Amino acid sequence: MIGSKIRPDYSDKIAEFVKNGGEIKQAVNTNRVDFNFSVSTGGLKQNIPLRKDAEAKGLKTYAPFSPCEKCGTSERSTKTNACLECDRRRARAKTGLSLKNLEAVGHYLLGKGESIEFTNDGQKYVLKVEVAI
Ligand SMILES: [Zn+2]
Numbered sequence: 011m012i013g014s015k016i017r018p019d020y021s022d023k024i025a026e027f028v029k030n031g032g033e034i035k036q037a038v039n040t041n042r043v044d045f046n047f048s049v050s051t052g053g054l055k056q057n058i059p060l061r062k063d064a065e066a067k068g069l070k071t072y073a074p075f076s077p078c079e080k081c082g083t084s085e086r087s088t089k090t091n092a093c094l095e096c097d098r099r100r101a102r103a104k105t106g107l108s109l110k111n112l113e114a115v116g117h118y119l120l121g122k123g124e125s126i127e128f129t130n131d132g133q134k135y136v137l138k139v140e141v142a143i
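Start counting the sequence shown at 11; every next residue gets the next number (our numbering).
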């Protein structure tokens, strides 16, 4: 049945706590905010003055108190506080070459009558369009 769960009775523990010299006091609201920032280093309290300092100097980026936990780099945007490397990675993931993009490259090369040479690991390659038989 819903709502019929009986709450555990801690009265014995409380009695023991008081017997051992424990004091029961009313909780006081200190207005302190002690979040656990360990997950998002961008929100680290120590970053606030660093970011403000960079802002005052007109710098677009700043080095945070500790590196980003996701990518391990230390460069954040002063304006948005976003990790720049994480932003770049997101952008790269978005601009991954699709079949459509590759086809567009083919049309471009054909139209220009050009080929592209590039080197990878010391080996030269040529990217060119050929007529299919
Ligand atoms: Zn990052």
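No residue lacks a Cβ here, since even glycine has one placed at the ideal position from N, Cα and C.
The structure displayed is predicted, hence computed values, not measured ones.
Would you say the beta carbon of residue i is closer than 7 Å to some non-hydrogen atom of ligand 1?
{"i": "threonine 83", "result": "yes"}
{"i": "lysine 80", "result": "yes"}
{"i": "glutamate 2", "result": "The shown model of the chain, from 11 to 143, leaves out residue 2, and the question about it has no answer."}
{"i": "glutamate 65", "result": "no"}
{"i": "glutamate 124", "result": "no"}
{"i": "glutamate 26", "result": "no"}
{"i": "glutamate 95", "result": "yes"}
Mind checking residue i: buried by the 16 CB within 10 Å criterion, or exposed?
{"i": "tyrosine 72", "result": "buried"}
{"i": "arginine 102", "result": "exposed"}
{"i": "arginine 17", "result": "exposed"}
{"i": "asparagine 130", "result": "exposed"}
{"i": "glycine 116", "result": "exposed"}
May I ask which residues mark the beginning and end of the alpha helix (DSSP H) holding residue i?
{"i": "tyrosine 118", "result": "109-122"}
{"i": "valine 28", "result": "21-29"}
{"i": "leucine 60", "result": "57-66"}
{"i": "cysteine 96", "result": "94-104"}
How would you write the range of the beta strand (DSSP E) that residue i sits in, first residue to last?
{"i": "phenylalanine 128", "result": "126-130"}
{"i": "lysine 134", "result": "133-137"}
Report back the beta-carbon spacing between residue i and residue j to the nearest angstrom; my notes put them in contact at under 8 Å.
{"i": "lysine 62", "j": "serine 87", "result": "Going by Cβ atoms, the distance from lysine 62 to serine 87 rounds to 14 Å, so no, they are not a contact pair."}
{"i": "asparagine 57", "j": "proline 77", "result": "About 11 Å; that fails the 8 Å criterion."}
{"i": "glutamate 95", "j": "glutamate 79", "result": "Not really, about 12 Å apart at Cβ, beyond 8 Å."}
{"i": "leucine 119", "j": "valine 139", "result": "5 Å"}
{"i": "glutamate 124", "j": "valine 136", "result": "That belief does not hold up - the Cβ atoms of glutamate 124 and valine 136 are roughly 11 Å apart, past 8 Å."}
{"i": "cysteine 81", "j": "arginine 100", "result": "Incorrect: roughly 11 Å between the Cβ atoms, too far for contact."}
Verify the CB distance criterion: does residue i have a CB-CB separation below 8 Å to chain D?
{"i": "arginine 61", "result": "Here there is only one protein chain, and chain D is not present."}
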